Amino acid sequence: MRTMDQKLLDSLAFYSTKPNGLIPFYHKVQEEIGYIPKEFLPQIASSFNLSQAEVYGVLTFYADFRTKPPGKNIIKICRAEACQANGCHKVIEKAKETLKIDFGGTTPDGKVTLLPTFCFGNCANGPSVALNGKLYGRVDTRKIENLIHSIR
Amino acid sequence: MHTLYIAKDYSAIAVGADEVAFAVEKEAFLRNIPIRIIRTGSYGLYWLEPVIEVELEGGRRIAYGPVTEEAIGSLFDSGFLEGSDHPLCLGNLQEHPYLKKQTRLIFERIGKNDPLSLDSYIACGGFQGLKKAIELGPDKVIDQITKSGLRGRGGAAFPTGIKWKTTQRAIASQKYIVCNADEGDSGTFSDRMVMEGDPFLLIEGMAIAGFAVGADKGYIYLRSEYPLAHEVLNKAIAVCRSQGILGSPLFGSSFSFDLEVFLGAGAYVCGEETALLESLEGKRGMVRPRPPLPAVKGLWGKPTVINNVITLASVPWILSHGGEAYAAYGVNRSKGTLPVQLSGNLNYPGLVEVPFGISLRDLVYGFGGGTRSGRPLKAIQIGGPLGPYLPEHFLDILLDYEELSKIKGIVGHGGIIVFDDQTNLAFMAHYAMEFCAEESCGKCTPCRIGSTRGMELMEKILMGKGSRKELELLFDLCDTMLHASLCGLGGMTPFPVLSALRHFPEDFGYSKEEICAFAGAL
Chain A
1 MRTMDQKLLD SLAFYSTKPN GLIPFYHKVQ EEIGYIPKEF LPQIASSFNL
51 SQAEVYGVLT FYADFRTKPP GKNIIKICRA EACQANGCHK VIEKAKETLK
101 IDFGGTTPDG KVTLLPTFCF GNCANGPSVA LNGKLYGRVD TRKIENLIHS
151 IR
Chain B
153 MHTLYIAKDY SAIAVGADEV AFAVEKEAFL RNIPIRIIRT GSYGLYWLEP
203 VIEVELEGGR RIAYGPVTEE AIGSLFDSGF LEGSDHPLCL GNLQEHPYLK
253 KQTRLIFERI GKNDPLSLDS YIACGGFQGL KKAIELGPDK VIDQITKSGL
303 RGRGGAAFPT GIKWKTTQRA IASQKYIVCN ADEGDSGTFS DRMVMEGDPF
353 LLIEGMAIAG FAVGADKGYI YLRSEYPLAH EVLNKAIAVC RSQGILGSPL
403 FGSSFSFDLE VFLGAGAYVC GEETALLESL EGKRGMVRPR PPLPAVKGLW
453 GKPTVINNVI TLASVPWILS HGGEAYAAYG VNRSKGTLPV QLSGNLNYPG
503 LVEVPFGISL RDLVYGFGGG TRSGRPLKAI QIGGPLGPYL PEHFLDILLD
553 YEELSKIKGI VGHGGIIVFD DQTNLAFMAH YAMEFCAEES CGKCTPCRIG
603 STRGMELMEK ILMGKGSRKE LELLFDLCDT MLHASLCGLG GMTPFPVLSA
653 LRHFPEDFGY SKEEICAFAG AL
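Protein chains in written order, with our numbering: chain A, 1 to 152; chain B, 153 to 674.
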């Protein structure tokens, strides 16, 4: 069973004194270890003086937070209207076809997780794709193939 | 020493601005030419990014773009540091018609200087509004805002003066200013540009709001999809604290204001003000029933002004120039300027700040240059994912809250997305329902269940199995969502669906006559 290291315990001690520290703490955990293990929840709940149901409720409400480890690389593709008007469906199809996974999936070798996003605010330079947090604009099928190739 | 300007804007970086800046630096080093690169916000001429501006003698600038890493060598060879001609030369951007035809009040500084240089902010008129506010006192500040006719730019268009007055009158030990920077609408990016390109402007606007209503604490609720804005805002706040602007008595008054950034976590519904407050309190972003209004009972039950980034960023100009000067722009009850964001299938997508009263056609064709694909324009969506799809013949409507509402349109946050004739609007209507199902907070039934049922109905229609019965159900469902949802997410999802049905019935496999039978519902 995974337990929090000292760094996370320090963060927990810091954020649990704030009235709205739970969401920033989740961000912190995910930044450190890539996801938020469910086994942390009892300890988080007691530190924040909340019920386990409440901390679980917050965790699962927000699309950013994951409870399972993601692939080594994360590709996010925007599927909102402005990118659709510039043909993001072709980019999405290409990514799914090349990686042989659907949105939300991770390749069997654990290398890539593919996620949808609703708008990066890069609408004037769409279609938009983010690879491990770096944003790419004006992405076409060739560019998505190159991006995927760069991490395989 | 040559001075160059390259945007450090999320969208410019996405098309290679960082790589270009690095390549320029490297090339200059190899050629032993001393240069200094200043990273700025973007002017918003996004089809030209990455742009390099070169400063010539007398401060005049010559721009080159869109620059690729491969073009750097030839730019140096041709002597671009002296402003020489080159195929990528754009001349003086200030003279570019796209910029010249605009009226930039909020965006007047963005793109020109280092966003984190407090000196250049002050040199370009920064903090004049705040100083004026302190001179006038809270009541007169609210008077000026009321006179300006400023309305909430997040989408609801509620008069800002009335909102501030309500919070000012509320009696409480603590009040808050919350900036809604959860810019989730597809096709909008003006908030991001302000936060990345002129963060002190937002801070000044929030401080004025705090002074006017008696709130000494502010929060910026920022969406997590904007990491650069997060970084810039935090740096700007640190600069302001170290210079005694935040957290210390302001300009000889006894009033002090401080603020912090709170990062969201990927929930569209948190752009709705009451869901935002729940989230800011550390809970699930579930919508609260109103009343009580946040202006009276907001964050942690205290009176709270919640305004969008653009609303707050409009405030310093209004104070420094006067409410009447602002109200001189615009038409009817739509006063001032709106930063319109053009995107989708357009030749010239970008940021266009103009006074209200311009026609949609001027925006889409005059600025946007028509479709990039060269195919006929089929529809525009104005006002974000909850805005209607409008066909070409509606483009003569003027940008005006009331004019647009006459044709069941909305201004929203000022985003316009253009679609060409290869778009199937039934597919877009299905997407609208799917988006609502994905993002619904789940508090009210019409939105939580209605969106999923709507998605299923649309799937049936898309498969060609739509009969009159499905149509009847869809209209009935939209009627329930429109009138019984708690907030705008469920309440406005029918806008794109019904407008697509009304204007493009053939995409759904229905005839005009079949749709007209439901004219009352449309």
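For glycine and all other residues, C-beta sits at the position ideal for the given N, C-alpha and C.
No experiment lies behind these values; they were computed from the predicted model shown.
Bridge partners for residue i per DSSP, in chain order?
i: A197 (chain B); result: According to the sequence shown, residue 197 (chain B) is Leu rather than Ala. B:G502, per the DSSP bridge assignment.
i: P116 (chain A); result: A:I77
i: Y371 (chain B); result: B:V330, B:E412
i: I458 (chain B); result: B:V330
i: T319 (chain B); result: Answer is none; T319 (chain B) lacks a bridge partner.
i: S525 (chain B); result: Answer by DSSP bridge pairing: none, since S525 (chain B) is not bridged.
i: T155 (chain B); result: B:R188
i: P401 (chain B); result: B:S408
i: Y136 (chain A); result: A:V129
i: G496 (chain B); result: B:V570
i: E433 (chain B); result: Per DSSP, none; premise fails for E433 (chain B).
i: E348 (chain B); result: According to DSSP, E348 (chain B) bridges with nothing at all.
i: E207 (chain B); result: B:R213
Does DSSP classify residue i as helix, strand or coil?
i: F571 (chain B); result: strand
i: V421 (chain B); result: helix
i: K530 (chain B); result: strand
i: P202 (chain B); result: coil
i: P648 (chain B); result: helix
i: G308 (chain B); result: Before going on, a small fix: residue 308 (chain B) reads as Ala here, not Gly. Correct three-state label for A308 (chain B): coil.
i: R212 (chain B); result: coil
i: K94 (chain A); result: helix
i: R603 (chain B); result: Inspection of the sequence shows that residue 603 (chain B) is occupied by Ser rather than by Arg. Looking at S603 (chain B) - three-state DSSP - the assignment turns out to be helix.
i: A130 (chain A); result: strand
i: L302 (chain B); result: coil
i: Y553 (chain B); result: helix
i: L542 (chain B); result: strand
i: D511 (chain B); result: The sequence shown places Ser at residue 511 (chain B), rather than the Asp named in the question. Here S511 (chain B) sits in strand by DSSP.
i: T692 (chain B); result: Outside the shown range of chain B, which is 153 to 674, sits residue 692 (chain B), and nothing can be said about it.
i: T106 (chain A); result: strand
i: F341 (chain B); result: coil
i: D295 (chain B); result: helix
i: A390 (chain B); result: helix
i: Y15 (chain A); result: helix
i: K143 (chain A); result: helix
i: Y517 (chain B); result: helix
i: I559 (chain B); result: coil
i: T3 (chain A); result: coil
Using a threshold of 7 Å, is the CB atom of residue i nearer than that to any non-hydrogen atom of the ligand HEM?
i: A124 (chain A); result: This structure simply doesn't include the ligand HEM, nor any ligand for that matter.
Exercise for the section: Give the residues from the stretch 12 to 23 of chain A that approach chain B closer than 7 Å (Cβ to any Cβ), ordered along the chain. Expected result: Flagged, chain order: P19, N20, G21, L22, I23.
Exercise for the section: Would you list, in chain order, the members of the stretch 428 to 443 of chain B that have their beta-carbon closer than 9 Å to a beta-carbon of chain A? Expected result: Residues S431, L432, E433, G434, K435, R436, G437, M438.
Exercise for the section: Mind the definition here: the stretch 177 to 190 of chain B touches the stretch 91 to 105 of chain A only if three or more C-beta pairs lie below 8 Å; say whether that holds. Expected result: No, the stretch 177 to 190 of chain B is not in contact with the stretch 91 to 105 of chain A.
Problem - Residues from the stretch 71 to 85 of chain A in contact with chain D, defined by Cβ distance under 7 Å - result: Given the protein chain composition of this structure (A and B), no chain D is represented.
Problem - Uninterrupted beta strand (DSSP E) stretches inside the stretch 216 to 261 of chain B (no shorter than 3 residues) - result: Those beta strand (DSSP E) runs which fall completely within the stretch 216 to 261 of chain B and span 3+ residues are 241 to 243.
Exercise for the section: Assess, as a yes-or-no matter, whether the stretch 402 to 411 of chain B is touched by the stretch 607 to 626 of chain B under the definition of 3 or more beta carbon pairs within less than 8 Å. Expected result: Touching, no, given that fewer than three Cβ pairs across the two stretches are closer than 8 Å.
Handout entry: Contact set between the stretch 31 to 65 of chain A and chain B, restricted to residues whose Cβ is under 7 Å from the partner
Key = Those would be G57, V58, F61, Y62, A63, D64, F65, in chain order.
Exercise for the section: Count the CB pairs spanning the stretch 589 to 608 of chain B and the stretch 637 to 655 of chain B that are closer than 8 Å, and state whether there are at least three. Expected result: Using a C-beta cut-off of 8 Å, the stretch 589 to 608 of chain B makes contact with the stretch 637 to 655 of chain B, since at least three inter-stretch Cβ pairs fall below that distance.
Handout entry: Chain-ordered residues of the stretch 501 to 513 of chain B with a beta carbon less than 7 Å from chain A
Key = Hits within the stretch, in order: P501, G502.
Exercise for the section: Let me know the alpha helix (DSSP H) ranges lying completely inside the stretch 462 to 493 of chain B, each 4 residues or longer, listed in chain order. Expected result: 475 to 479, all fully within the stretch 462 to 493 of chain B.
Practice task
Compile a chain-ordered list of the residues in the stretch 101 to 113 of chain A whose CB is closer than 7 Å to at least one CB of chain B.
Solution key: Within the stretch 101 to 113 of chain A, no residue has a Cβ that lies closer than 7 Å to any Cβ of chain B.
Exercise for the section: Decide yes or no for the touch test of the stretch 623 to 635 of chain B against the stretch 520 to 538 of chain B: beta carbon pairs closer than 8 Å, at least 3 of them. Expected result: Touching, no.
Practice task
Determine which residues of the stretch 117 to 133 of chain A have a Cβ less than 8 Å from any Cβ of chain B, and write them out in chain order.
Solution key: Residues are counted here when their Cβ sits less than 8 Å from a Cβ of chain B; for the stretch 117 to 133 of chain A these are T117, F118, C119, F120, G121, N122, C123, A124, N125, G126, S128, G133, given in chain order.
Problem - Contact set between the stretch 133 to 152 of chain A and chain B, restricted to residues whose Cβ is under 8 Å from the partner - result: If you check each beta-carbon in the stretch 133 to 152 of chain A against every beta-carbon of chain B, the ones closer than 8 Å belong to G133, L135, Y136, G137, R138.
Handout entry: alpha helix (DSSP H) segments (min. 4 residues) lying fully within the stretch 618 to 670 of chain B
Key = Within the stretch 618 to 670 of chain B, the complete alpha helix (DSSP H) runs of at least 4 residues are 620 to 636, 640 to 644, 646 to 655, 657 to 660, 664 to 668.
Handout entry: Interface residues of the stretch 556 to 582 of chain B facing chain A [CB-CB below 8 Å]
Key = Of all residues in the stretch 556 to 582 of chain B, only G567, I569, V570, F571, D572, T575, M580 come within less than 8 Å of chain A when Cβ atoms are compared, listed by chain position.
Exercise for the section: Select from the stretch 270 to 299 of chain B all residues with a C-beta closer than 9 Å to any C-beta belonging to chain A, and list them in chain order. Expected result: The stretch 270 to 299 of chain B vs chain A, Cβ under 9 Å: nothing.
Practice task
State whether the stretch 17 to 37 of chain A contacts the stretch 57 to 70 of chain A, with contact taken as three or more CB pairs (one from each stretch) at a distance under 8 Å.
Solution key: Contact annotation: the stretch 17 to 37 of chain A touches the stretch 57 to 70 of chain A, with at least three C-beta pairs closer than 8 Å.
Handout entry: At least three beta-carbon pairs within less than 8 Å, the stretch 487 to 496 of chain B to the stretch 355 to 369 of chain B
Key = By the Cβ test, the stretch 487 to 496 of chain B is not in contact with the stretch 355 to 369 of chain B, since fewer than three Cβ pairs between them sit closer than 8 Å.
Handout entry: At least 3 beta-carbon pairs within less than 8 Å: the stretch 459 to 470 of chain B vs the stretch 538 to 551 of chain B
Key = They do not touch, by the three-pair rule.
Handout entry: Three-pair Cβ contact test at 8 Å for the stretch 291 to 300 of chain B versus the stretch 309 to 317 of chain B
Key = Judged by Cβ distances under 8 Å, the stretch 291 to 300 of chain B makes contact with the stretch 309 to 317 of chain B, as three or more pairs qualify.
Problem - Short-range partners of chain A found in the stretch 520 to 537 of chain B, where Cβ spacing is below 7 Å - result: Per Cβ criterion, the list reads Q533, P537.
Exercise for the section: Indicate whether the contact test is met: 3 or more Cβ pairs, each with one atom in the stretch 79 to 86 of chain A and one in the stretch 123 to 131 of chain A, closer than 8 Å. Expected result: Pairwise C-beta distances place the stretch 79 to 86 of chain A in contact with the stretch 123 to 131 of chain A, as three or more of them are shorter than 8 Å.
Handout entry: Contact set between the stretch 390 to 423 of chain B and chain A, restricted to residues whose Cβ is under 9 Å from the partner
Key = Cβ contacts with chain A come from F414, L415, G416, A417, G418, A419, Y420, C422.
Exercise for the section: Report the residues of the stretch 165 to 191 of chain B with a CB closer than 8 Å to any CB of chain A, ordered along the chain. Expected result: Look at the stretch 165 to 191 of chain B: the residues with a C-beta under 8 Å from a C-beta of chain A are I165, A166, V167.
Exercise for the section: Report yes or no: do the stretch 641 to 653 of chain B and the stretch 564 to 583 of chain B share at least 3 C-beta pairs separated by less than 8 Å? Expected result: Touching, per the Cβ criterion.
Exercise for the section: Tell me, please, whether the stretch 324 to 332 of chain B touches the stretch 439 to 452 of chain B by the rule of three or more beta-carbon pairs shorter than 8 Å. Expected result: The stretch 324 to 332 of chain B makes contact with the stretch 439 to 452 of chain B: 3 or more CB pairs, one atom from each, lie closer than 8 Å.
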